[in-house]
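Student: Sharing a structure below in structure tokens format, with a few things to ask.
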Amino acid sequence: MNRHERDDAYLFHTYKRLPLDIERGEGLYLYSAGGNRYLDMFSGLAVNALGYNHPRVVRAICRQAERYTHLSNYFVQEPQLQLAELLVKHSGFDRVFFANSGTEAVEGAIKLSRKWGATQKKTVLHSFTNAFHGRTMGALSLMDRPKYREGFGPFLGNVTVSEYNNADALRSAVGKHTAGVVLEFIQGEGGIRPVTPAFADALRKLKGKFGFLIIADEIQSGVGRTGKFFAFQHFDAAPDIVVLAKPIGGGLPLGAILSSTTIAALLEPGTHGTTFGGNPVACAAGTAVINEIMEQQLMRNAAAMGGLMKERLLALQKLFPKLITEVRGFGLMLGLQLTVDGEPAVAAMRERGILINCTDQTVLRFLPPLIVQTEHVNETCDQLKEVLTEMSQF
Ligand code: PLP
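Using the numbering used here, read the sequence shown as starting at 3 and increasing by one per residue.
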């Protein structure tokens, strides 16, 4: 049996696999068993901020693996401390809790918000249409799309959902019982949809009025991808809790919750925890990632390359107005809204050696690593132009 047949035979069929057989990765490229090279412009869905096999990350992983790969959380662990110090330094938050994944960080943030709410007699969590917060039951409870939820209920109670970017709907939905509002300031899976400044403004004012927490899901957008450390920094926003994952483990599983000291103090010893959260090898890799981002000014690169790419995508919109209706996003988190299914375009790009992604059926999503350079942006946009030309002929 070949790999795909074995995958079919032995694994749950929960993923739509790509028809590729990858042997190794290096920098921005993946190499297939057949010897083909692919430019990866979605970087492991925003995980591989430094591309594949970055020497600094590989070195950090090997060094830590030689010391120990796991200590229980009964022990203070130097790799956790180093990454926590970095996250605190660059985020402006006081405290970090390490989880294993994005969805687990979201679960922790839900528990933390519930605990805080109990101290304030506030019982409701609020979220938005089209959001994506993960696959566990708490995260699913914050989401509205049947695609992810169907058949898995009942979900958590005391959760309300209103239309994303609709300030009036938000005003009608939140009140003195709202403990927390959870949102992606740029929805990722939902189709690269940033909040509008007016919506961010309404949210801030409502927080002032009712005193709820704002929980920012920066799992896809965080750690420099949008040209700023957090996506919410593009708006007039000051969340109380932030959840992170994807790039912070350098390709190893790691999530994090950030908050103030006061909020963090609500989770007393024994009330929350995890066996693997804060794994030392993942933390060592994450420390290497964040140090590299800062030292090499990769946030600046994300802003510059993202700016260039957005310009080129906007030019494509002008060329193909019947196929493209909008270009959205900040930095290296960009989406091209098509009028047709995006999968054929993704497949055609793959045939041309470039990996992009389609989300929300009609949105081409670009999440290149933060080390992307002008030539990669140009190559992607040149090839996309060819693909769109072919598509527009049908
Ligand atoms: N939140 C957002 C915004 C995400 O993009 C994702 C994953 O794509 C998650 C949460 C869930 O993260 P994980 O897949 O690590 O559980």
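Glycine included, C-beta positions come from ideal geometry on N, C-alpha and C.
So, using beta-carbon positions, are Thr131 and Glu152 closer together than 7 Å?
Tutor: Along the sequence shown, one-based indexing puts residue 131 at 129. Along the sequence shown, one-based indexing puts residue 152 at 150. No, they are not a contact pair.
Student: For a test of the three-state rule: what should DSSP assign to Thr361, helix, strand or coil?
Tutor: Position 359 of the sequence shown, counted from the start, is the residue given in the question as residue 361. Residue state, collapsed to three classes: strand.
Student: Taking 6 Å as the cut-off, is the C-beta of Phe134 nearer than that to any heavy atom in the ligand PLP?
Tutor: For the purposes of this step, residue 134 is identified with residue 132 of the sequence shown, where counting begins at 1. At least one heavy atom of the ligand PLP is nearer than 6 Å to the Cβ of Phe134, so yes.
Student: Anyone know if the C-beta pair for Thr263 and Met335 falls short of 7 Å?
Tutor: Within the sequence shown, numbered from 1, the residue matching residue 263 stands at position 261. Within the sequence shown, numbered from 1, the residue matching residue 335 stands at position 333. Not closer than 7 Å, so no.
Student: Mind checking who Ser261 pairs with in its DSSP beta bridge?
Tutor: For the purposes of this step, residue 261 is taken as residue 259 along the sequence shown, with counting starting at 1. Bridge partners of Ser261: Arg97, Ile243.
Student: Does the Cβ of Asp219 lie closer than 6 Å to at least one heavy atom of the ligand PLP?
Tutor: The sequence position of residue 219 within the sequence shown is 217, counting from 1. Yes, the Cβ of Asp219 comes within 6 Å of a heavy atom of the ligand PLP.
Student: Taking its Cβ as the centre, do 16 or more other Cβ atoms sit within 10 Å of Pro156, making it buried, or is it exposed?
Tutor: Within the sequence shown, the letter at position 154 stands for residue 156. That one is exposed.
Student: Is it right to say Ser174 is buried, meaning 16 or more other beta carbons lie within 10 angstroms of its own, or is it exposed?
Tutor: Taking the first residue of the sequence shown as position 1, residue 174 is located at position 172. Flag for Ser174 reads exposed.
Student: Tell me which residue opens and which closes the beta strand (DSSP E) that Gly53 is part of.
Tutor: As a working mapping, residue 53 is identified with position 51 in the sequence shown. Where Gly53 is concerned, there is no enclosing beta strand (DSSP E), given that its DSSP letter is neither H nor E.
Student: Return the first residue and the last residue of the alpha helix (DSSP H) that Ile295 is part of.
Tutor: Counting from one through the sequence shown, the residue named residue 295 turns up at place 293. Residues 282-297.
Student: Terminal residues of the continuous alpha helix (DSSP H) containing Gln397?
Tutor: Nothing in the structure corresponds to residue 397, since the chain is present only between 3 and 396.
Student: What number of angstroms, rounded off, separates the C-alpha of Arg26 from the C-alpha of Glu377?
Tutor: Indexing the sequence shown from 1 puts residue 26 at position 24. Indexing the sequence shown from 1 puts residue 377 at position 375. Between Arg26 and Glu377, the C-alpha separation is close to 22 Å.
Student: What number of angstroms, rounded off, separates the C-alpha of Arg19 from the C-alpha of Ala349?
Tutor: If you number the sequence shown from 1, residue 19 lands on position 17. If you number the sequence shown from 1, residue 349 lands on position 347. Looking at the two C-alpha atoms, the distance is approximately 12 Å.
Student: Using a Cβ-Cβ distance cut-off of 7 Å, determine whether Glu7 contacts chain D.
Tutor: Protein chains in the displayed structure number just one, and chain D is not present.
Student: Mark His135 as exposed unless 16 or more other C-beta atoms lie within 10 angstroms of its C-beta, in which case mark it buried.
Tutor: Counted from its first residue, the sequence shown places residue 135 at position 133. That one is buried.
Student: Sort Val283, Val59, Lys113, Lys124 by Cα distance to Leu268 and report the nearest one.
Tutor: Here residue 268 corresponds to residue number 266 of the sequence shown, with the count starting at 1. It is Lys113.
Student: Could you give the first and the last residue of the continuous beta strand (DSSP E) run that contains Phe130?
Tutor: Residue 130 sits at position 128 when you count from the first residue of the sequence shown. Taken as a continuous stretch (DSSP letters only), the beta strand (DSSP E) holding Phe130 covers 126-130.
Student: Whole angstroms are fine: how far does the CA of Cys360 sit from the CA of Glu392?
Tutor: On the sequence shown, residue 392 is found 390 positions in, with the first residue counted as 1. On the sequence shown, residue 360 is found 358 positions in, with the first residue counted as 1. The straight-line gap from Cα to Cα measures roughly 18 Å.
Student: Where do the ends of the beta strand (DSSP E) carrying Leu336 lie?
Tutor: Here residue 336 corresponds to residue number 334 of the sequence shown, with the count starting at 1. 335-340 is the span of the beta strand (DSSP E), which, as asked, contains Leu336.
Student: Can you look up Glu28 in the DSSP assignment and give me helix, strand or coil?
Tutor: For this step, residue 28 is matched to residue 26 along the sequence shown. Residue state, collapsed to three classes: strand.
Student: For Leu386 and Tyr70, what's the separation of their Cα atoms in angstroms?
Tutor: The count along the sequence shown starts at 1 and reaches residue 386 at position 384. The count along the sequence shown starts at 1 and reaches residue 70 at position 68. Computed Cα separation, rounded: 46 Å.
Student: Determine the direct distance from the alpha carbon of Gly36 to that of Ala218, and round the result to whole angstroms.
Tutor: As a working note, residue 218 is residue 216 in the sequence shown. As a working note, residue 36 is residue 34 in the sequence shown. Computed Cα separation, rounded: 42 Å.
Student: Across which residues does DSSP place Val225 in a beta bridge pair?
Tutor: Reading the sequence shown from its first residue, position 223 is the one you call residue 225. For Val225, which the question treats as bridged, DSSP gives no partner whatsoever.
Student: Ends of the alpha helix (DSSP H) at Ala304?
Tutor: Residue 304 sits at position 302 when you count from the first residue of the sequence shown. 300-321 is the extent of the alpha helix (DSSP H) around Ala304.
Student: Throw me the rounded Cβ distance for the Gly110 and Ile259 pair, which I believe falls under 8 Å.
Tutor: The residue you call residue 110 lines up with position 108 of the sequence shown. The residue you call residue 259 lines up with position 257 of the sequence shown. Yes, they are in contact, since the Cβ atoms of Gly110 and Ile259 sit about 5 Å apart, within 8 Å.
Student: Comparing the CB of Gly190 with every heavy atom of the ligand MG, is any distance shorter than 6 Å?
Tutor: Absence of the ligand MG is noted for the structure shown, with the ligand PLP being the only ligands found.
Student: How big is the Cα-Cα spacing for Leu397 and Phe396?
Tutor: Any question about residue 397 goes unanswered here, given that the chain covers just 3 to 396.
Student: Which same chain residues end up closer than 6 Å to Gly182 when comparing Cβ atoms and leaving out the 5 residues on each side of it in sequence?
Tutor: As a first step, residue 182 must be located in the sequence shown, where it is residue number 180. Same-chain partners within the cutoff: Ser115, Leu127, Phe214, Leu215, Ile217.
Student: Shorter than 6 Å, the distance from the beta carbon of Thr105 to the closest heavy atom of the ligand PLP, or not?
Tutor: Working through the sequence shown from its first residue, we reach residue 105 at position 103. Under cutoff, so the answer is yes.
Student: Would DSSP call Arg195 helix, strand or coil?
Tutor: Start at 1 with the first residue of the sequence shown, and residue 195 comes out as number 193. The answer is strand: DSSP assigns Arg195 an E or B state.
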